[in-house]
Amino acid sequence: MDAATDIALTILAGFNKHYRIFRETNAAARGLFERKEWAKLRSSNRERIDMYDTRVLEAVKTVTQDFPHASDDESIWPTIKKTFIALLYDHHQPECAETFFNSVAAKVLDRRYHSNQYIFTRPAVSAEHIEADQPTYRCYYPLISGLRRMLLEIFNDFELGVPLANSRLDVRNLLEAFRRWDPMPDSLKMEPNFHVQVLSSLFYRNKAAYAVGRVVNGHRRELFAISLRHLPAGGLCVDALIHEREHLANLFSVAHAYFMVDMEVPASWVSFINSALPEKPKAELYTAVGLQKQGKTDFFRDLHQHLKHSADRFIIAPGVRGMVMVVFTLPSFPFVFKMIRDSFEPPKDTSREQVMEKYRLVKHHDRVGRLADTLEYSDVAFPISRFEPAALEEMQKRIPSNLVVTKDRVVIKHLYIEQRMTPLDIYFRKALNANDEKRLRHGVHEFGQALRDLAAANIFPGDLLPKNFGVSPYGRVLFYDYDEVCYLTEVNFRRIPPAQYPEDELRAEPWYNVGPNDVFPEEFPAFLFNQESTRKLFSEMHGDLLEPAFWSGMQEKIKAGVDLDLYPYPEQIRFKR
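Heads up, this note's numbering is the position in the sequence shown plus 729, with the first residue counted as 1.
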């Protein structure tokens, strides 16, 4: 064989090893769930995040050692790419293998390439209609078997080692929920193709497993998920049927830890969900099932496609300017682009390395639906014509070391990309200006609930100002400013000691000692809100958050190893037991 073929085979072998270990890790989640080994499940999920980079570095080492000319002779790479394409015939993960090829090529060539002859700037092999060895989903026909028997068949087909503790109650709850759901038609509205499809493996995350399926009736495809959880007394229960659009969007949000699910043909799984939830980009769905590198690839392709078909310009993102990040956005594209400033003005006392470490902490931690996930990129080029002059001027002023500006391009050496949200302070201001009590109450409730969920996950945001939180398109409040984030157990929650003398309270400086990790919860309303009405509402809804006892109680549970229950869906849709 020639060198190009050998290099292509080496890269593909590296990817195949990666995906084999990826699947083994996901398959092992089933046993961890059955045995309630939550700490091991979280650890396995964290280790899986770094798995891709480990395999890439292994492949790079092999290529550079066995084929040293590969890093010096760029002319060989178009042939390597063509050979690699031929090797992907009948491969079950071609799109992921192409992304792996790009990662290896980028490191071997040390990013000297500029031509799509060397890498896959767009897919070369279609991932549609790939036949798996095992079916991606199972079909069920309630008109033949009846809805009750169909539900029991779904559970039995997963062959879990832990049974339903009360299958009659669970089936009854599901029957009632399905019958109340519009996509489950009555006999007059049933099309000839009416049936139910359920993906063949469960989705595992935190302390739950989810059976994901869709109802097919005519041209309609409606997604649903059934949540399975352990009961304290033993056995499993069906906790909820999730079918509302906004609840499903939150379930598959990358603001949570990524799902662990065993997929032979990932493109089929992503297409299954996307067909019934089209507002979720495939890039986000790939990320949600743990294939974050493929998610990054698809996102970048979506971005460049959008740039080709739009004409608006990048602007500085609306809201209060950050002290650590420069943030810009393209109004027609629902994401923000964040870059670390070259220097920080007082009172910020941090460094670029410390900020990046905070973002790594969030990437590896359980985000419990309250921490925005970030896509991290290096050496990203944008057309200079797409920047408003004020935005480019701000970037050149604040991040000159992170920019390379030519007559036609702006290259950003390092940036983070997040979903664009409405900053919570702007959300509150609009609600107050419109005298919208319902909107205000929702924002305040979500703000406090976000703090509770983060505390349960051993996360304290550090800077609690509403400008550092955002409201997602589905009305959920997420935290997105990570330079002061820390573990809850590192914080010292205190009550303000009484003043010894009346004049103490009039001093500009506190009359008591304040340590670097000290936090005084009773100060939250005055510190966080400008309007008295918002302060009062927060105190009414979340008065316990103003007491050190709440926070210290959470710390004690975390230190004792108590795994708290967190639900990525509303309490009101949970089945009563």
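Ideal Cβ positions, reconstructed from N, Cα and C, are used throughout, including at glycine.
Every value quoted in this text rests on a predicted model; they were computed, and no experiment measured them.
- Between the alpha carbons of N745 and I814 lies a gap of roughly 15 angstroms.
- Taking a C-beta distance under 8 angstroms as the contact criterion, V792 and I750 do not qualify as a contact pair.
- In the DSSP assignment, the residues bridged to P1152 are G1199.
- Closest in C-alpha terms to L1144, from the list K1067, N935, M1150, R777, comes K1067.
- Residue pairing by DSSP places G942 opposite V927, F953 in a beta bridge.
- In summary, T1103 is buried, with 16 or more beta-carbon neighbours lying within 10 Å of its beta-carbon over all protein chains present.
- With a cutoff of 8 angstroms on beta-carbon distance, F981 and A1017 are scored as near each other.
- Under the three-state reduction of DSSP output, K1142 falls in the strand class.
- Remark: C-beta atoms of V941 and I1002 approach each other more closely than 8 angstroms.
- Nearest neighbour of A969 by Cα position, chosen from M780, V983, F953, turns out to be F953.
- The beta carbon of D795 sits closer than 8 angstroms to those of D735, T739, all from its chain and outside the five residues before and after it, given in chain order.
- K1159 has its alpha-carbon roughly 13 angstroms from the corresponding atom of N1259.
- The shortest CA-to-CA distance from F1176 to any of Y1156, W1280, I1302, A1186 is the one to Y1156.
- Apart from the 5 residues on each side of it in sequence, L880 sits with its Cβ closer than 6 angstroms to the Cβ of V900, L903 in its chain, given in chain order.
- For K1136, DSSP records no beta bridge to any residue.
- The DSSP-derived three-state label of F1258 is coil.
- Y1211 carries a coil assignment under DSSP once its states are collapsed to helix, strand and coil.
- Counted as a single uninterrupted DSSP element, the beta strand (DSSP E) harbouring E1105 occupies residues 1104-1112.
- Distances from the alpha-carbon of S1080 to those of W998, M1054, T783, M1283 put M1054 closest.
- Approximately 5 angstroms separates the beta-carbon atoms of V1091 and Y1211; this is inside 8 angstroms, confirming the contact.
- If you check the CB distance, A1119 and F1043 do not come in under 8 angstroms.
- Here F1043 carries a strand assignment [DSSP, helix/strand/coil].
- Y1241 and G1191 have their C-alpha atoms roughly 21 angstroms apart.
- Secondary structure note for K1067: its beta strand (DSSP E) is the uninterrupted segment 1064-1069.
- With contacts defined as CB atoms closer than 8 angstroms, F923 and L876 fail to qualify as a contacting pair.
- Of the candidates P961, T808, H820, the residue whose Cα lies closest to the Cα of R1306 is P961.
- Three or more Cβ pairs closer than 8 angstroms define a contact, and the segment 1019-1027 falls short of that threshold against the segment 878-898.
- At a Cβ-Cβ threshold of 8 angstroms, P1152 and G1204 do not count as neighbours.
- In the DSSP assignment, A737 falls within the unbroken alpha helix (DSSP H) covering 732-763.
- Contact annotation: L1036 and R1115 have beta-carbon atoms nearer than 8 angstroms.
- Note on V1056: 16 or more other CB atoms within 10 angstroms of its CB, so buried under the neighbour-count rule.
- No residue range can be given for F796, since it is assigned to no beta strand (DSSP E) and is classified by DSSP as neither H nor E.
- Beta bridge pairing from DSSP links H959 with L965.
- The residues L1153, Y1156, F1157, A1160, V1200, V1206, in chain order, have a CB closer than 8 angstroms to that of G1172 in the same chain once the five nearest residues on each side in sequence are set aside.
- Taking a cut-off of 8 angstroms for Cβ pairs, the segment 769-776 and the segment 832-839 do not touch, as fewer than three such pairs fall below it.
- In its chain, beyond the 5 residues on either side, R784, V785, E787, A788, T791, F829, V833 have a beta carbon closer than 8 angstroms to the beta carbon of G743.
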